[in-house]
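What follows is a set of notes on a single structure, which appears directly below.
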Amino acid sequence: AFFALIQTGINRGFWPGVLLASGIFINDIVIVLVSLFGATSIFDENAKYQTMGIAGGALLIIFGFFTYKRKTQLEVPEDQNMDAKSPHPLVYFGKGFLLNTANPFIWLFWISIVMGITSRYGGQKIDLFLFFAGTLSVVYITDIIKTFAASRFKKFATHKFLILINKLAGIALAGFGIFLIIRSIFQF
Numbered sequence: 107a108f109f110a111l112i113q114t115g116i117n118r119g120f121w122p123g124v125l126l127a128s129g130i131f132i133n134d135i136v137i138v139l140v141s142l143f144g145a146t147s148i149f150d151e152n153a154k155y156q157t158m159g160i161a162g163g164a165l166l167i168i169f170g171f172f173t174y175k176r177k178t179q180l181e182v183p184e185d186q187n188m189d190a191k192s193p194h195p196l197v198y199f200g201k202g203f204l205l206n207t208a209n210p211f212i213w214l215f216w217i218s219i220v221m222g223i224t225s226r227y228g229g230q231k232i233d234l235f236l237f238f239a240g241t242l243s244v245v246y247i248t249d250i251i252k253t254f255a256a257s258r259f260k261k262f263a264t265h266k267f268l269i270l271i272n273k274l275a276g277i278a279l280a281g282f283g284i285f286l287i288i289r290s291i292f293q294f
C-alpha cells in the first residue's frame, strides 16, 4: 500500500491519494476488528496472552526483515498530464480497500499487533478500543501525509529514497517485535 500511495500521489495528485488512503484505512479497521474478535475469544488466560505476545513479536520481526529486504520500483510515466483520463473517485477508494485485503503482510501485521496488544490489555475493551483508535488514526494521517508529500515533492521520491524508507520501516517493525517479545516474557 505504501508504494500505491506514493504512486498515486505522484501520478494523480493529493485527493486521489486521500481516497486510496481512505480505502486502506477502512480495510485496516475491518482487519483489526476481525483479528481482535478472534484473539479475545480464543485467548482468555495469562499464559495464552504471553504466547500471543511472543508470536506477535516474532511475526513483526519477520515482517520487518522482509520490509527491510524488499525491492522497490517507482514508475514515473513520461506523460505527466494524466488528469484527462482519471478514473472515478470511488475507484481509488476501492483500489485501496482491495489492495489491503489482498496483501497477506497487512493481515500478518495487524494480527501480530492485535496479539501483542491483547496480551498486554487482555479483555479490557476500553483500553483496546483506545489503543486501536489511536493507532489506526495515526496510520491514516501518516498515509495522507505520505500522499501529500509525494504529490508535492515528486523529485525526491527516487528509487534510492524508497529503499531508505523500506529499510527504516523494517528496522522499526523488527524493533517493535523485539520489544513485544521481551515485554511478553517478563510481564506474564
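Using the numbering used here, you'd call the opening residue of the sequence shown number 107 and step up by one each time. Ideal Cβ positions, reconstructed from N, Cα and C, are used throughout, including at glycine. Given the structure is predicted, the values throughout are model-derived calculations rather than measurements.
Please report how far the alpha carbon of residue i lies from the alpha carbon of residue j, in whole angstroms.
i    : j    : result
I105 : I219 : Absent from the structure is residue 105, since the part of the chain shown begins at 107 and ends at 294.
G170 : F282 : 9 Å
G250 : A164 : Here residue 250 is Ile; the residue named in the question, Gly, does not match the sequence. Looking at the two C-alpha atoms, the distance is approximately 29 Å.
Q156 : I247 : 31 Å
P210 : F120 : 27 Å
D233 : T264 : 40 Å
L196 : F292 : 47 Å
I287 : F215 : 15 Å
A161 : F259 : 39 Å
F254 : I130 : 16 Å
G115 : I217 : 28 Å
A107 : F267 : 17 Å
F285 : V140 : 24 Å
K273 : G240 : 25 Å
K231 : V244 : 20 Å
Give the range of the alpha helix (DSSP H) segment to which residue i is assigned.
i    : result
G115 : F108 to N117
K231 : K231 to R258
T224 : P210 to Y227
K273 : H265 to Q293
Can you list, in chain order, the residues of its chain whose CB lies under 6 Å from that of residue i, leaving out five sequence neighbours each side?
i    : result
A280 : I167 and G170
N133 : F203, N206 and T207
I212 : N206
F238 : V138
Y57  : The structure shown does not extend to residue 57, since the chain is modelled only from 107 to 294, so the question has no answer here.
A256 : I112, G115, I116 and A263
R176 : N272
Starting from the C-beta of residue i, find all residues in its chain whose C-beta is less than 7 Å away, skip the five residues before and the five after it, and write them out in chain order.
i    : result
F235 : none
G276 : G170, F171, T173 and Y174
A127 : L111, G202, Y246, D249, I250 and T253
Give every residue of the same chain whose Cβ lies closer than 8 Å to the Cβ of residue i, excluding the five residues on either side of it in the sequence, and list them in chain order.
i    : result
S192 : R118 and P122
I135 : L242
A278 : G170
L125 : P195, L196, Y198, F199 and G202
L142 : V220, T224, L234 and F238
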